[in-house]
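Residue numbers (our numbering), protein chains in the order written: chain H, 49 to 308; chain R, 27 to 285.
Printed below as a string of structure tokens:
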């Protein structure tokens, strides 16, 4: 029963197609002799296994995950409270909107050279730059979520004598939760991009720096192994975030069922 | 709390912004670090550097590549989205591959692009197109999937052909969603411009920022970042105007004002 349900949920056709593409890539690379610029899957996969077994690639992965997670947590810790604060006061929103609109369109990757000047090549620089990139979607989505929360619920809570803090925890936050989750989902992929980019151009460690080292050394299988690992990391982050988001949204969905 | 009038609101926002600049100015003056130039110095350098040919060439190069990458990426995204949205078999076959590709941080394909296409414009345009394509694809797909069953049934009842159905029903119905995707793609495209210009020579605003940093011209570097932000803001405003024009019929039909 369980195996059958799993079989139905896994998209067999799709994954077979992925396998087919890998096979075709292998064939094309061998037939057209593209090994100067692309390493075939038959060499990339062993290189991935070796890199993980030797600890070199897995160590780089650990570094990337550490700075990425640190930056993302920092962005949530800053972005959600600030978003709630600005979102719950019209005056604060009016006061800050020019500053926000000014800072938001600056691509965070453009700040990597600046962050490098202040913090050097270490993981601290990368953590801050990830946090900066990730904070905007979280802040803006929290802000809109809070502003969009139900007026009637607020009035009812106010009339029932619920304290300011009680209203925040029991009305505002639950209502804003789906927006906050969306913000975190967007931030999760931007943060990963910025983390690996900072490693690639300015970093001293992590998958991005490993990838760049292998590229300069012209060790193609090792380089493509790092590329593959980055893709798998991105995919895993996506799946985890989406599962978490679905949980959150299902919960709030039940809370808000058929509200007129 | 009394609501403020519109003019007061804008004045308050601008006032806080100017206040923040003043705080920066005073702080940078007290810090006396060459890493933190004063706000006034950055603004002066920005004002001096924008009419120079070095700067204008950089901006023109960035815009040219952004335009090319955006159009290619959007075309691929819309086409794939329409095909996947209208054919169940294709959707099922392509879904994991697309999910894998779109979850890949685009920086990961930079070394591969450099090795296959070199450091030139084609590598950059390919990277921009890669970044642009997925948000457009996902939004097109969602837009097509949301077409009402009535519209689908009517079309099949009237024996509207497959190709005609795509262009006369699915594409127009998905257009608001496609535009939402294009708007996200535009800001991602700008990020890709910067990343692609960090890699190797060839100019552009991203390379300009890196160059100024390398020459210890920090006020100019800040100015470059500032211009990049202004460019992003300006492009977004232009895009919204364009969107409002193209989707005028949609707002008219649904009574929606701000999409």
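Note that the Cβ used here is the ideal one computed from N, Cα and C, for glycine as well. Everything numeric in this text was worked out from a predicted model, so none of it was measured.
C-beta atoms of residue 38 of chain R and residue 143 of chain H nearer than 8 Å
yes
Residue from R:213, R:218, R:44, R:263 whose Cα sits closest to the Cα of residue 146 of chain H
R:44
Kindly list, in the order they appear in chain R, the residues whose Cβ is closer than 9 Å to that of residue 273 of chain H.
Chain R residues near residue 273 of chain H: none, gap ~11 Å exceeds 9 Å.
Endpoints, the alpha helix (DSSP H) within which residue 213 of chain R is located:
197–224
Residues in the same chain with beta-carbon distance under 6 Å from residue 164 of chain R, minus the five sequence neighbours each way, listed in chain order, please.
none
Along the chain, where does the alpha helix (DSSP H) containing residue 233 of chain R start, and where does it finish?
231–240
To test your reading of the DSSP string, which unbroken alpha helix (DSSP H) runs of 4 or more residues are found completely within the segment 167–233 of chain H?
171–195, 199–207, 212–215
Under a three-way DSSP split, which group does residue 253 of chain R fall into?
helix
Buried or exposed, going by whether 16 or more other CB atoms sit within 10 Å of the CB of residue 185 of chain R?
exposed
Does the distance from the C-beta atom of residue 161 of chain H to that of residue 236 of chain R stay below 8 Å?
yes
Excluding the 5 residues preceding and the 5 following residue 37 of chain H in the sequence, name in chain order all residues of the same chain whose CB lies nearer than 7 Å to its CB.
The structure shown does not extend to residue 37 of chain H, since chain H is modelled only from 49 to 308, so the question has no answer here.
Leaving out the 5 sequence neighbours to the left and right, which residues in its chain are closer than 7 Å to residue 251 of chain H when beta-carbon positions are compared?
169, 174, 257
Starting from residue 147 of chain R and walking both ways along the alpha helix (DSSP H), at which residues does that stretch end?
147–171
Measure the C-alpha to C-alpha separation of residue 122 of chain H and residue 244 of chain H and round it to an integer number of angstroms.
17 Å
So which residues of chain R does residue 263 of chain H contact, with C-beta pairs closer than 8 Å?
137, 140, 141
Just confirm the distance between the C-beta atoms of residue 166 of chain H and residue 61 of chain R, as a whole number of angstroms; I'd bet it's less than 8 Å.
6 Å
Find the residues of chain R that neighbour residue 63 of chain H, judging by a C-beta separation of less than 7 Å, and give them in chain order.
122
Beta carbon of residue 108 of chain R nearer than 8 Å to that of residue 197 of chain R:
yes
Taking only three categories from DSSP, how would you classify residue 276 of chain R?
helix
Between the alpha carbons of residue 159 of chain H and residue 255 of chain R, how many angstroms are there, rounded?
11 Å
Would you kindly check if the distance between the Cβ of residue 238 of chain H and the Cβ of residue 163 of chain H is under 8 Å?
no
Let me know the secondary structure DSSP gives residue 90 of chain R once reduced to three states.
helix
Is it the case that the Cβ atoms of residue 219 of chain R and residue 232 of chain R are separated by a distance below 8 Å?
yes
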